[in-house]
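Here is the structure we will look at.
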Amino acid sequence: KKGPDYYQTNEMTDSTRQAVIILATFFYESRDGSTAGFFADSPEAARQVWETVKLLLQGDREVIL
């Protein structure tokens, strides 16, 4: 099992990096209102973000969530 510091010494795959960026953007921008509704703070927007991240990571067997 990989520990919580795994990515400090190992490189992320491109799909993992993209998924992390999407999640971070959603959690930050949906809370401060600066996106003019792009990442609305709603259950449907959250579901869409999680589905996108899931698709990005489906083939990445080395990912740690």
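The numbers in the working numbering rise by one with no breaks, and the one at position 25 of the sequence shown is 97.
Yeah, the Cβ is synthetic: ideal placement off N, Cα and C, and Gly gets one too.
It is roughly 12 Å from the alpha-carbon of A117 to the alpha-carbon of L95. Following the DSSP letters along the chain, one finds Q120 inside the alpha helix (DSSP H) bounded by residues P115 to L129. When rounded, the separation of the alpha-carbon atoms in D86 and V92 is 10 Å. DSSP, read as helix, strand or coil, puts D77 in coil. T81 sits exposed, since fewer than 16 C-beta atoms from the chains shown fall within 10 Å of its C-beta.
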